[in-house]
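Working notes, structure below.
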Amino acid sequence: MSAVRQFNNSDDANFTADGRLRIALAGNPNCGKTTVFNGYTGARQHVGNYPGVTVDRKEGNIAVEGTPVTLVDLPGTYSLTAYSMEELVSRRELAAGNVQAVIDVVDASALERNMLLTVQILEMGAPVVLCCNMMDEARAAGIHIDMERLSSLMGIPVLPMVARTGEGLTEAMAAAVKLAREGKRNALRISYGSDIDPVLLDMEKRIEDGGLLASKYMPHWVALKMLEGDSEILSEVRAANAVLAEELDGLRKKAVSHVRSTLNTNLESIITDYRYGFIRSLLRDGIIRQDAGKDRLALSDKLDKVLTNALLGPLIMVGVLYLMFQVTFTLGAYPQGWVEDGFKLLGSLFTTLLPEGLAQSLIVDGIIAGVGSVVSFVPLILIMFALISFMEDSGYMARVAYMMDRVFRFFGLHGASVMPYIIAGGIAGGCAIPGVMATRTLRSPKEKLATLLTLPYMTCGAKLPVFLLLAGAFFPDNAPTVMFVMMITGWVMALLVARLLRSSIVKGESTPFVMELPPYRMPTLMSLLLHCWERAWMYLKKAGTVLVAISVLIWAAMTFPGLPEDKSAPYDTQITQLEEKLAAFAEGDKARAPIEEELGNVRNELKEEQLAYSVAGRLGKAVEPATRPMGFDWRTDIALIAGVAAKEAVVATMGTAYAMGDQDPEDAAPLADRLKAEEGWSKATALALMLFVLLYSPCFVALVVIRQEAGSWGWVAFSILFNTGLAYAVATAAYQLGRVAWG
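For what it's worth, the numbering used here labels the leading residue of the sequence shown as 222, then goes sequentially.
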């Protein structure tokens with residue numbers, strides 16, 4: 222029996238609310254912590270968000286020798302400072318005593334760097350089991366660690382682990398459960414030097430005597446965080462006891478001034494230096510030994526000489542990203558098509574089963590069409606996140622961020638922002654929905670916000686039919702160039718707006734972040750599958766219900782109120798007469814062709830009249846005066862309103878609005894001919910419409926996901942209003958200049 226299977230995570234596990242232990246998994250990014258979590262919990266995971274933030278909260282229930290345990294997978298973080306949301310979330314969970322023990326997962330090949338987090342957790346007084354993960358890689362690199370001696374020096378269990386094979390999982394959990402049952406909490410105390418230790422002891426005594434935050438934190442840790450200038454702890458201290466807080470702050474400021482004047486540095490840097498000094502003192506004298514002639518980074522270094530080369534690196538990166546795009550949207554097109562065909566068949570079935578009327582229209586055009594539009598994206602999301610997870614777990618994503626960081630930093634973004642942009646349509650044909658979801662890889666909340674608010678400017682696949690229609694109709698000789706210009710315009714606008722946001726409403730310093738280039742490694746299949754499932758399920762759960770409701774709302778707006786009998790009667794009479802004429806000729810008779818064509822035209826005119834009379838039609842006519850400066854009429858306005866629900870609806874709605882019947886976005890030639898012949902349409906109108914579609918409000922599904930990631934409907938409102946306002950300004954300028962240039 223494997224180590225993983227020794228854990229009872231079946232539905233029959235005897236869990237009780239009173240006896241449940243809560244154990245946390247902590248560790249740096251790229252240490253294999255998620256693989257450890259998956260090894261313990263398998264598919265029995267609950268993925269949500271921490272209160273008030275969009276950082277993933279993962280928990281799983283297991284049983285260890287009859288003891289029910291809730292395992293909490295804390296966000297990967299390098300330290301417990303107050304810089305990033307991941308660090309704050311992890312620290313709050315640990316400092317408040319919400320967990321009875323911590324399994325700290327470290328990369329056995331990078332023990333010194335990983336143990337900075339270990340020391341900080343121990344300083345909080347949490348019971349810790351230190352697990353040296355990826356020991357197979359360490360052994361292959363000739364690295365040997367004296368676990369027993371390190372355990373003796375630190376006073377905590379230190380165990381070897383290879384999470385991907387299950388080695389060490391049983392022993393680590395057993396040790397954690399033992400610590401949790403013992404319930405001992407002793408904070409690690411190390412010396413921070415003669416400049417800090419006396420002040421730290423003085424502050425600690427005052428905090429203890431005053432009972433400051435005694436129910437939440439240990440006095441030693443509160444004093445230490447105050448000396449580090451931790452903004453969250455300083456705020457809590459001031460709120461709890463303003464008088465004592467002023468005394469403590471006075472001591473802190475004296476220490477800050479003394480260190481700055483004598484050592485020309487800050488307290489936080491000194492404390493970090495002493496922590497690393499403590500770690501080095503633990504690891505010296507043979508605890509870590511490496512065989513001569515072996516270098517664990519040899520292969521990674523050789524690969525990096527090519528993959529991060531100043532000339533070759535960007536070219537390879539573009540090739541990899543383009544390949545990812547091609548695989549996603551080429552391979553994904555097949556299952557996406559199957560899903561769409563399945564819903565079309567379902568719609569046809571209900572069309573046959575239900576009598577013609579409102580009920581049929583609601584179910585077929587509203588509900589089934591709405592659900593189908595949601596589910597059709599799932600294959601793309603599954604494939605996209607499988608590839609993203611592969612690049613992240615293999616270590617290549619860190620290289621992409623490293624290469625792009627210098628360029629993106631100028632615009633107030635992080636190098637890792639390039640991936641969400643690419644996914645959203647940076648290479649034409651992407652999708653904003655998985656793009657917004659991919660911003661979770663960004664550690665800074667402000668950089669994440671600026672990225673997710675601007676990535677809808679990319680050329681997603683739903684915008685392509687509009688561009689293809691208009692470029693082919695009005696710029697037939699330069700259609701490829703026009704398409705390329707649209708894609709580049711999306712990039713330019715996204716970066717410029719990001720720069721504007723980061724210097725105004727999302728203003729702030731970039732989060733201090735040391736970019737790690739982990740060794741290359743092969744991801745596990747289980748990790749990839751779980752990542753895909755998490756994202757697909759979250760997408761369906763969050764976006765599905767909302768889009769269905771919106772789809773029904775759009776259907777109702779384009780259906781009600783129905784055309785009055787006095788307005789529909791002439792059309793009904795013509796249709797009846799033409800149908801009678803048609804019945805007089807046998808199938809295949811050439812005389813039927815002109816009658817069928819006329820009948821189709823009359824039905825299309827009736828649809829146009831019905832649409833014009835509906836709420837959507839009236840709304841289109843109401844906003845027409847405002848959109849005239851862009852060259853749009855009420856029919857174009859209706860299509861743009863429908864496009865807020867789903868950009869795919871723009872071409873189809875234009876087909877109906879311009880009396881072309883149900884227009885297939887992939888076969889828009891008849892509509893293109895109609896637009897070219899339509900009075901009021903010109904190159905200037907086409908250019909303005911392409912720019913407006915490129916920049917205006919994201920679709921409803923994207924807006925729901927933006928709400929999920931940004932954590933506020935206020936940012937959704939901003940995305941709608943700002944993007945639409947920007948689109949209006951750009952499209953108006955393009956139309957007016959186009960009229961001058963083209964006449």
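A virtual CB, placed ideally from N, CA and C, is assigned to each residue, including glycine. Fair warning: this is a prediction, and the values are worked out from it, not measured in the lab.
Reduced DSSP category for residue i - H, G, I as helix; E, B as strand; rest coil
i           : result
residue 753 : helix
residue 320 : coil
residue 381 : strand
residue 426 : helix
residue 462 : coil
residue 868 : coil
residue 802 : helix
residue 841 : helix
residue 808 : coil
residue 577 : coil
residue 587 : helix
residue 260 : helix
residue 471 : helix
residue 376 : coil
residue 437 : coil
residue 479 : helix
residue 848 : helix
residue 725 : coil
residue 417 : coil
residue 302 : coil
residue 785 : coil
residue 532 : coil
residue 456 : helix
Cβ-based neighbour list, residue i, same chain, cut-off 6 angstroms, excluding 5 preceding and 5 following
i           : result
residue 332 : none
residue 269 : With a pLDDT of 48 at residue 269, under the threshold of 50, the modelled position of that residue is not reliable, and no figure is offered here.
residue 820 : 799
residue 385 : 256 and 745
residue 365 : 510
residue 285 : 394 and 398
residue 348 : 322 and 400
residue 440 : 425, 428 and 429
residue 389 : 380, 381 and 382
Residue i Cβ short of 7 angstroms to the ligand NAP heavy atom set
i           : result
residue 639 : Absence of the ligand NAP is noted for the structure shown, with no ligands found whatsoever.
Endpoints, beta strand (DSSP E) assigned at residue i
i           : result
residue 288 : 288 to 294
residue 365 : 364 to 366
residue 509 : 509 to 511
First through last residue of the alpha helix (DSSP H) which encompasses residue i
i           : result
residue 628 : 617 to 631
residue 825 : 813 to 834
residue 342 : 332 to 344
residue 563 : 554 to 574
residue 444 : 440 to 448
residue 740 : No alpha helix (DSSP H) holds residue 740; DSSP gives it neither H nor E.
residue 490 : 488 to 504
residue 408 : No alpha helix (DSSP H) holds residue 408; DSSP gives it neither H nor E.
residue 359 : 356 to 361
residue 639 : 639 to 642
Residue i - partner residues in DSSP beta bridges
i           : result
residue 247 : 325
residue 350 : 324
residue 242 : 290
residue 981 : Only positions 222 to 964 of the chain appear in the structure, and residue 981 is not among them; the question remains open.
residue 651 : 681
Beta-carbon proximity list for residue i, same chain, < 8 angstroms, skipping 5 on both sides
i           : result
residue 581 : 571, 572 and 575
residue 616 : 251, 521, 738, 739, 740, 741 and 742
residue 524 : 741
residue 953 : 850, 851 and 909
Contact set for residue i: own chain, Cβ-Cβ below 7 angstroms, skip 5 residues either direction
i           : result
residue 951 : 912 and 916
residue 489 : 449 and 450
residue 419 : none
residue 539 : none
Entirely enclosed alpha helix (DSSP H) segments - the stretch 664 to 715, minimum 4 residues: Entirely contained in the stretch 664 to 715, the alpha helix (DSSP H) runs reaching 4 residues are, in chain order, 666 to 675 and 685 to 695.
Residue ranges of each alpha helix (DSSP H) within the stretch 878 to 948, 4 or longer: Taken in chain order, the unbroken stretches of alpha helix (DSSP H) that lie wholly in the stretch 878 to 948 and span 4 residues or more are 890 to 898, 904 to 916 and 921 to 931.
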